[in-house]
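Novice:
Residue numbers (my numbering): 79 to 170.
What follows is the structure, encoded as structure tokens:
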């Protein structure tokens, strides 16, 4: 049976801010950022990276020896914010 995931949904204080180009911001706004029922963007690119990092880290919750999910999520976030690791497009 899967363990219940207990992770922080707020971007941690002091998290790196990714340096997106204007073109990257345009693509993120059009394709990847969550929108409301009126097609208005309701998350920032940082929020999107944190959402994806939390989801990736959540896969570790079933392993007894893995670090806490929040800790792993922050590591994934920092790699993404530094552009050292970016999941494929469907993951975003």
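Cβ coordinates follow ideal geometry from the N, Cα and C atoms, glycine included.
Give me, in chain order, the residues of the same chain whose beta-carbon lies closer than 8 Å to that of residue 124; leave out the 5 immediate sequence neighbours on both sides.
Specialist: For residue 124, where only same-chain residues beyond five positions count, the Cβ hits under 8 Å are 89, 93, 95, 96 and 159.
Novice: Under 7 Å Cβ to Cβ from residue 127, same chain only, skipping five residues before and after it: list those, please.
Specialist: Cβ neighbours of residue 127 beyond the five flanking positions: 96, 155, 158 and 159.
Novice: Let me know the secondary structure DSSP gives residue 120 once reduced to three states.
Specialist: Note: residue 120 maps to coil in three-state DSSP.
Novice: State the DSSP-derived secondary structure class of residue 141, mapped to helix, strand or coil.
Specialist: Residue 141: coil per DSSP, three-state reduction.
Novice: Report the three-state DSSP secondary structure of residue 113 (helix, strand or coil).
Specialist: Strand, per DSSP.
Novice: Output the boundary residues of the alpha helix (DSSP H) element that contains residue 101.
Specialist: Unbroken alpha helix (DSSP H) run through residue 101: 100 to 105.
Novice: What is the C-beta distance between residue 130 and residue 170, in whole angstroms, given that I count them as a contact (C-beta under 8 Å)?
Specialist: Confirmed, about 6 Å.
Novice: Output the distance between the C-alpha atoms of residue 84 and residue 99, rounded to the nearest integer angstrom.
Specialist: Below a pLDDT of 50, predicted positions are generally treated as unreliable, and residue 84, at 45, falls in that range; no measurement from the model is reported.
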